[in-house]
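Undergrad: Residues in the sequence shown are numbered consecutively from 178, following the working numbering.
A virtual CB, placed ideally from N, CA and C, is assigned to each residue, including glycine.
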Amino acid sequence: MRRWCVRRVPDHVRNRVRVECEIASRHLTIVECRPPWDERVGAEWTRAPVARFRYTKAQQTWTLYWPDRNARFHLYQQLAPSPHVEVLLHEVEQDPTALFWG
């Protein structure tokens, strides 16, 4: 997942945007990071969620979720859960519904 995030952004623009993966016990969240647009805001980069992948141990599957404008996650119903997270990553990368990258 982290390798996928690094490959998502070309080296020459990493000072303007990064894609990172936040890891929790039962899910992974892909976030888009941007530098401060105004020095009065501070030095911290902003972090906006792009997608969340939840793992269900009992079924051994990953399920994809998309964030709304309030960063609340909703089940992505266009793709069934999969034992292979790469299938879900491909859907996020292609973004046929414009729910992930806009």
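Output the boundary residues of the alpha helix (DSSP H) element that contains V186.
TA: For the purposes of this step, residue 186 is taken as residue 9 along the sequence shown, with counting starting at 1. Note, V186: premise wrong, no alpha helix (DSSP H); not H, not E.
Undergrad: Check whether the region 231 to 241 touches the region 254 to 262, taking contact to mean three or more Cβ pairs, one atom from each stretch, closer than 8 Å.
TA: Touching, yes, given that three or more Cβ pairs across the two stretches are closer than 8 Å.
Undergrad: Work out the CA separation of V218 and A228 for me, nearest whole Å.
TA: Position 51 of the sequence shown, counted from the first residue, corresponds to residue 228. Position 41 of the sequence shown, counted from the first residue, corresponds to residue 218. Approximately 26 Å between the Cα atoms of the pair.
Undergrad: Helix, strand or coil: how does DSSP classify R217 here?
TA: Counted from its first residue, the sequence shown places residue 217 at position 40. If DSSP states are grouped into helix, strand and coil, R217 belongs with the helices.
Undergrad: Indicate whether T206 and E199 have their beta-carbon atoms separated by less than 8 Å.
TA: Indexing the sequence shown from 1 puts residue 206 at position 29. Indexing the sequence shown from 1 puts residue 199 at position 22. For T206 and E199, yes; Cβs fall inside 8 Å.
Undergrad: Do C182 and V194 have their C-beta atoms closer together than 8 Å?
TA: One-based indexing of the sequence shown puts residue 182 at position 5. One-based indexing of the sequence shown puts residue 194 at position 17. No, these two residues do not count as a Cβ contact at 8 Å.
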